[in-house]
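Protein chains in written order, with the working numbering: chain F, 1 to 607; chain V, 608 to 1214. Think of the CB as a built atom: it goes at the ideal place given N, C-alpha and C, for glycine as much as any other residue. Model, not experiment: these values are computed from the prediction. Notes for the one structure printed next.
Number of protein chains: 2
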Amino acid sequence: MLLKRLLVGLPLKTTQAIHERLSKRLALAAFASDPLSSVAYATEEILLVLVLAGTATVVWSIPISLTIVLLLSILTMSYRQIIFEYPEGGGAYTVAKSNLGELPGLTAAAALMIDYVLTVSVSVAAGVAAVTSAVPSLFPHRELMGLLAILLVMIVNLRGLRESGRIFAVPTYLFIGAILVMLAVGLAQFLFGRSGQMAAGQGGNPVPAVEGLTLFLLLRAFSSGCTALTGMETISNGVSAFKRPESKNAALTMVGMATILGTMFLGISALAYHFGILPKEDETVVSQIARATFGQGPLYYLVQASTMMILILAANSAFNGFPRLASILARDSYMPHQMALMGDRLVFSNGIMILGVFSGLLIILFQGDTHALIPLYAVGVFLSFTLAQAGMVRRWVVKRGRHWRKKLIINGVGAVATGVATGIIASTKFLHGAWIVVALIPLIIVWFRTVHGHYRAVAEQIVLERDHRPPVPRQNIVLIPISGVNRAVIRAVDYARSRPGDIRAVLVDVDKEDTARTEMQWAQWGCGVPLVVLPSPYRSVLRSLLDYIEEVLEKDPQTWVTVVLPEILPARWWQNILHNQRALMLKAALLFKERVVLTDVPFHLER
Amino acid sequence: MLLKRLLVGLPLKTTQAIHERLSKRLALAAFASDPLSSVAYATEEILLVLVLAGTATVVWSIPISLTIVLLLSILTMSYRQIIFEYPEGGGAYTVAKSNLGELPGLTAAAALMIDYVLTVSVSVAAGVAAVTSAVPSLFPHRELMGLLAILLVMIVNLRGLRESGRIFAVPTYLFIGAILVMLAVGLAQFLFGRSGQMAAGQGGNPVPAVEGLTLFLLLRAFSSGCTALTGMETISNGVSAFKRPESKNAALTMVGMATILGTMFLGISALAYHFGILPKEDETVVSQIARATFGQGPLYYLVQASTMMILILAANSAFNGFPRLASILARDSYMPHQMALMGDRLVFSNGIMILGVFSGLLIILFQGDTHALIPLYAVGVFLSFTLAQAGMVRRWVVKRGRHWRKKLIINGVGAVATGVATGIIASTKFLHGAWIVVALIPLIIVWFRTVHGHYRAVAEQIVLERDHRPPVPRQNIVLIPISGVNRAVIRAVDYARSRPGDIRAVLVDVDKEDTARTEMQWAQWGCGVPLVVLPSPYRSVLRSLLDYIEEVLEKDPQTWVTVVLPEILPARWWQNILHNQRALMLKAALLFKERVVLTDVPFHLER
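So this is what it looks like as C-alpha cells:
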C-alpha cells in the first residue's frame, strides 16, 4: 500500500478531472509524438530491405518514400473528414462499428489493441537504439533498458498524466527543431558541394546482393516504410481536447502535423541516400546522418536525445489510447468490466498494467530489436485505417448531406489506398511476423464475443421479472465446526451468538480421547451452545462434516445453513501454509452447495 | 475429482487399517529391497573412481569391498541393539532425539529427509540404467523414463499399498535368486578355468590414468562404495510389523539380510574384477557381468529385469518412509500439521506428493544420471547412522541395565565407524555434490525450528486461560453493499433476513442517474431493508464503503459488522475474471479489520 502511494501518488477527486483544453500548438505536441516519432525508424526499415539486393538498389528508397508521402496526404484528407464528422473523437472502432456493424468494429478494435502494444514495444526499442547508437557500450543492455523504459512510462501513467500537453511540448518541438536543422545543414552541404559519400566515411563499402531486385522486394520495402504513417489516427481520437472550434482546430493541426511528418521523412530518406548511408546493426540511420552532418558534436547528441525522448512520448501516447479503448470496449461489454473502472488517480489502471505487461513481453521475446518487431507493426495499423475509411464511405452513402459525393470520393480513395497497402503489408511481411497479427485478430474477436455473450447471459439470469415476488425470510441454522476449544473458536462462537438463532458447534470424533477432552472443555467454555459430535468412519473430518450438512439441508428444505469457520490469520503471509488447510478444503467443497453460506471469523495472531 | 478416484481409488475406512503382521520371509522381502538394491550400483561406483588412476588400480576394489562388508557387520550388530531397545520402531530421529536432544534429533531428521528423496532419485535412475543396459535404444529417454517411474510409484502409493509384503516378495526373491545364480555360475567359470578377461570380451582395453593412485582416491572409492549400505535402517524402523516376538524376529531378519547383502556385494565386486569389467557410460557393471556370465540369453534378461524391479521397490520404500517421518515431525510440530493428515486411502498423501515432486526435480536436474547423484547420497545416510548409534551410546551410559558395557562397546564401535565414514564421505565427495547436502541440512533444521516456533507462538496466543470469562454476546450490524438491484442482491437480502438483526443495504453514489433508479427499484424489491446511500467524492466504491464501515465500528465499539456480499458464481472457472473484482478488493481491505466479518452469498449462474 505504501509502495503504491509512493509510486502512484495520493488519490484524486472526481471533480479534479477537468479537461484541460489544448491550443493548436500544445495539441500538436501532445498528439504528434506518435506519428512524428516514426521517422526515427521508417527510412532505416526501407533501406534494410533494399540492401538485400545490393548497394545500388538503395536509390529506390526515394520513389518509395515519395509514394508513402502520397499515401500520407490521402490519409490526411480522409482523416480531416472523420474529424469533422466525429467531434467527440472517432476511433476506428467507433467509426467502423457505427457504420459497418459489430464484426468490422471488433476487427478494428482487435487491430488497434495489437497496434497499441506494438507502438509501445517498437517505440521503446527504437528509443533505446537511439541511445545505444550514441553510447555503443550500452548496446548489450538494450533489452533491460527497454523494459525499464516501459516500467517508467507505466508508473508515470498510473500516477495519471494531467498536464500532458505542456510537458510534451518541449521534447516534441526539440525533436522537430533538431531534425529540421539537420536537414537544413545536410541540404547546405549537398548544395555547396561537400561530397556526402565522403562525409559519411563509412557507408562506402558496397554490400553484396543476396536477393534479386524484384517487385516483391520493392513492395516489401514499401511495407516497411509504411510504419512512417503509424499514429496518424491520434488527432482524430482526441478532437474533444482541442479549444473551440474543436473540429476546425483539430483539422488544421492534422494538416500541420502531416506536413511536418512528410518533410522530415522525405528529408531523412534523401539525406540517407545523399550520404550513402546503409543500415548497421549497432547504429541507427538517423544517428549516422546526424554524425555525418554535425560530426560527433553537441548537435549530434541533441538529435539522439530528442529522438529518444519523442519515441518514449510515442510509447506514452499508447498508454493513453489502449486503456481508453479497453474502457470503451468494457462499457460495451466486450472486455471485462473492470477495464472500465477508474483507479484512485482517475486513470484506467488495469488497462495501463496490461499494456505494460504485453509490450514488455514483446521486448523480451524479440530481444528489444526494432527490426524484428516492425513486420508485426503496420498490419494492424493499416487494417484499422482501412476499416475507418470504409466506415466513412458507407456513412456518406447512407447519410448523404452536403457535398457527400466529394466526401465519398475522398474517403473512398483513402479506403482503397489503405486497403491496398494493408494487402501489400500483410502479404509481403506475412512470413516475417505479420502472420502472428493475422492469426491473433480473429482470436481476439472470439474473446470479445465470448465476454459479450457471457455478460448478456448473466444479465438474463439475474434480471428481476415483474412477477418475481419478494422472498420470504427462512430459517437459518448456524454450524461452527471445531476441532478443539481455544480463543479462535470462542471468538467464532461469540460472533455467531451476536444474532439469535439455531446455533450448533460440530465436532468430528477422530480420536476418542481428544473428543472426550473437548467435550469437557466445551461444557466450561461453550456458552450454552449445543455441541454435536459426529462419527468419522473414514477419519476424514471433511467427509463427516459434509454428510452432516447434507443431512441438515435435507431435513429442512426451508433453511439456510451458515457455516461459521474459526480461522487463524497468521501475522506473516508465509505462515499461511501452516494453517487452515482444512478450512480451505471445506470451502472448496461447500462452494457449489445451494443454501450453504460460509463465514470466516478471523482470529488475528500477533506473531 | 473423478480423475482422483480413478487414479487413487475409493476412500477406505479407518477400521480397514489393520496391521498385517509379517513373517520373517515376507518381512525380508518388504524391508530388504532398499538395502539389497544398492548392490546394483555400489561396485560400479567404486570402479568409476578407481579407473581414474588407470586400469591396474581396479584391484583395489576387492580390499575396499571387504572394508565395506566389515562396516556392514558392525552396523548390523549396532542396529540389532536398536531393534531390541526400540520395538515400536526406532528411526534415527527418534533415537537421536530421545537420547541426545532436539538438535541432534532434527539433524538426523533433516539428513533422513534428504536421504529419502535421494533414495527415490538414485534407485529410479539406477533402475532405468538397468533397462537401458539391456535395451540401449532407450538410453536417450532415461530422464523421461525416470520421471514416469516416479509418477507410477507415487500414484501406487497414493492408492495405498496395504498388501505390500506379498507383492514385494516376488521381485525381491527373484533378484536375490538371479544374482546368486549369476555369482555361482561366475564362480564355476573361475574355478574351471574359463578366462574371465576373455569372456568379457570388451573390458580389455587399458584405460589411461588421469589421476595418480592416492590415499584420497582410495577413500573416495570407499565413499562411493558406502552407498551399498544405504537402506540398512529400514528393518529397525519397522519392527512393529513383525510377528511375535517382534524384536527377535526382526533381529534375525536383519542378520539374514546383512548376510545376503554382504555376499552379493562381495560377489559382484569379485566377479567384476575377475571379468576385468570397467564401468561404461551406457551399460551398468551388473549388466556387463550378467552378459559375461550368461551371454545375451534369458537369464541375462532375468538379472536386468529383477534388478530394475528391486530398484523400483527401493524407491517405493522411500514413499513409505518419508511420509511417515514427515507425519512424526508434524505431530511434534516441526513440519506443517497437514503432513500428519491421513488421506482417504489411509496414506499421508501430502508427504507422498512432496517426495514425488522433489525426487522428480532431482532426476531432471541431474538428467537421470546415477553417477551424478551418488555423491549426494551417502552423506545423509551415514550422518543419520552416526547419530542413531551415538544416541544408543548415550542411552547405555544413562540407562545402564544388563550387559550395558558390552552393548555400549558395540554401539560405540558402530558410532565411531559410521562417524569416520561420514567424515570420509563428506570430505572426499564435498566438491562433487556432498556440499549441497552439507548446506541443506542446516537450512532444513532452521525450517523445522521456524515451524515449531510458530506453532508454539500460536498455541500461546489461542490458549484459554482459567480467568478467561465466557464472552458476552454483542450486537451485530449487517451491511449488504449493492450496486444495483438484481436476483443475486435479493438472494443476499433474503439470506441476511433469515436471522433477525440490524440489516442495511449500502449503495455508493457514483452516478446520480443510476442511484435514483436503484433507489426506486429498492422501494419495490428491498423487502423493507433500509438503503443507505453513500457519497463518493473519489468515485471509489471501495473507499466509500470502507469509510462507512469504519464509521459504524467507531460509533458502537460493542458491535460486530457483518458484510454480506452478493457474489455471482459463474458456471465456468475462467468467467471468474469477468466478475467480483470489486468483491475481491473489498475482502482484501477488510481482512485485517477487527470485528468485521465477511459473508459471501453465492448466486450460482447456470451458463
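- Would you say F:VAL451 reaches chain V, if we count a Cβ-Cβ gap shorter than 9 Å as a contact? yes
Query - Any chain V beta carbon closer than 9 Å to F:VAL446 - result: no
Practice prompt. Determine the contact status of F:PRO481 and F:LEU553, defining contact as a CB-CB distance below 9 Å.
Written response: no
* Asked: Span of the beta strand (DSSP E) holding F:PHE385?
  -> Per DSSP, F:PHE385 belongs to no beta strand (DSSP E); it is in the alpha helix (DSSP H), 370-399.
*For the alpha helix (DSSP H) containing F:ALA209, list its first residue and its last residue.*
Neither: F:ALA209 is in no alpha helix (DSSP H) and is coded neither H nor E.
Q) In chain F, which residues lie less than 8 Å from V:ALA716 when you measure between Cβ atoms? A) By Cβ distance, chain F contributes nothing, its closest Cβ being about 17 Å from V:ALA716, past 8 Å.
Residue range of the unbroken beta strand (DSSP E) whose run includes V:ALA1112
1109-1115
Quiz item: Under a Cβ-count criterion, where at least 16 other Cβ atoms within 10 Å of its own Cβ denotes burial, should V:HIS1010 be classed as buried or exposed?
Solution: exposed
Item to complete: Can you have a look at F:MET335 and say buried or exposed, based on whether 16 or more other CB atoms are within 10 angstroms of its CB?
Response: buried
I need the DSSP call for F:VAL95, collapsed to helix, strand or coil.
helix
(message) Suppose the cutoff is 7 Å on Cβ atoms and the five residues either side in sequence are ignored; what does the same chain contact list for V:PRO1209 look like?
(response) GLU1174 and LEU1176
* On a CA-only basis, which of F:LEU362, F:SER38 and F:ASP600 is nearest F:THR227? Give me that one, please. => F:SER38
Requested in this report: Starting from the C-beta of F:ALA417, find all residues in its chain whose C-beta is less than 8 Å away, skip the five residues before and the five after it, and write them out in chain order.
Outcome: LEU71, ILE74 and LEU75
Just the chain F side, please: which residues come within less than 8 Å of V:ARG1214 by C-beta, in chain order? ALA457 and GLN461
Checklist entry - Is it right to say F:ALA32 is buried, meaning 16 or more other beta carbons lie within 10 angstroms of its own, or is it exposed? => result buried
Practice problem: For chain F, find out if any of its Cβ atoms is closer than 9 Å to the Cβ of V:GLU1201; answer yes or no. | Solution: yes
message: Contact criterion: CB-CB distance below 9 Å. Does V:GLN809 meet it with respect to chain F?
response: At V:GLN809 the pLDDT is 47, less than 50, meaning the model places this residue with poor confidence and gives no usable figure here.
Check: Roughly how many angstroms separate the alpha carbons of V:LEU1193 and V:SER843, rounded to a whole number?
Finding: 55 Å
Return no unless some Cβ of chain F is closer than 9 Å to the Cβ of V:TYR1102. yes
- Query: Going by other Cβ atoms of all chains shown within 10 Å of its Cβ, with 16 needed for buried, is F:ARG405 buried or exposed?
  - Reply: exposed
Would a C-beta distance cut-off of 9 Å place V:ILE1069 and V:PHE829 closer than the cut-off?
no
Would you verify that the beta carbon of V:MET805 is, or is not, closer than 9 Å to some beta carbon of chain F?
Only weak support is given to the placement of V:MET805: the predicted model assigns it a pLDDT of 43, under 50, and the question is left unresolved by the model.
Name the residues in the stretch 1083-1096 of chain V whose C-beta lies less than 7 Å from a C-beta of chain B; which are they? In the structure shown, chain B does not exist; the protein chains are F and V.
Practice prompt. Measure the CB-CB distance between F:ILE410 and F:GLN81 and report whether it falls below 9 Å.
Written response: yes
Subject >> C-alpha distance - F:GLY203 paired with F:SER133, whole-angstrom precision >> reply: Because F:GLY203 sits at a pLDDT of 46, beneath the cut-off of 50, its placement in the model cannot be relied upon, and the following sentence gives the value as read from the coordinates. About 15 Å.
**Asked** Near F:GLY351, which residues of its chain fall below 7 Å by C-beta distance, leaving aside the five closest residues on each side in sequence?
**Response** PHE322, PRO323, ALA326, SER327 and MET339
Roughly how many whole angstroms lie between the Cα atoms of F:GLU45 and F:VAL381? 17 Å
Practice item. Examine chain F for any beta-carbon lying closer than 9 Å to the beta-carbon of V:GLY869, and answer yes or no. Key: no
Query raised in the report: Using 9 Å as the limit for Cβ to Cβ distance, is F:ILE568 near chain V?
Result: yes
**Study point:** Partners in chain V for F:LEU598, counting only beta-carbon separations shorter than 8 Å
**Key:** THR1206 and ASP1207
For F:PRO171 and chain V, any beta-carbon pair shorter than 9 Å? no
Discussion item. I need the straight-line Cα distance from V:ALA1130 to F:GLU460, nearest angstrom please.
Written reply: 22 Å
CA-to-CA distance, F:SER384 to F:ALA96, given in whole angstroms: 9 Å
Assuming V:PRO711 is part of the alpha helix (DSSP H), what are its boundary residues? 709-741
When DSSP builds the beta bridges, which residues end up paired with F:ILE480? F:ALA505
_Output needed for V:THR1122: all residues of its chain with C-beta closer than 7 Å, excluding positions within five of it in sequence on either side, in chain order._
LEU1114, ASP1116 and VAL1140
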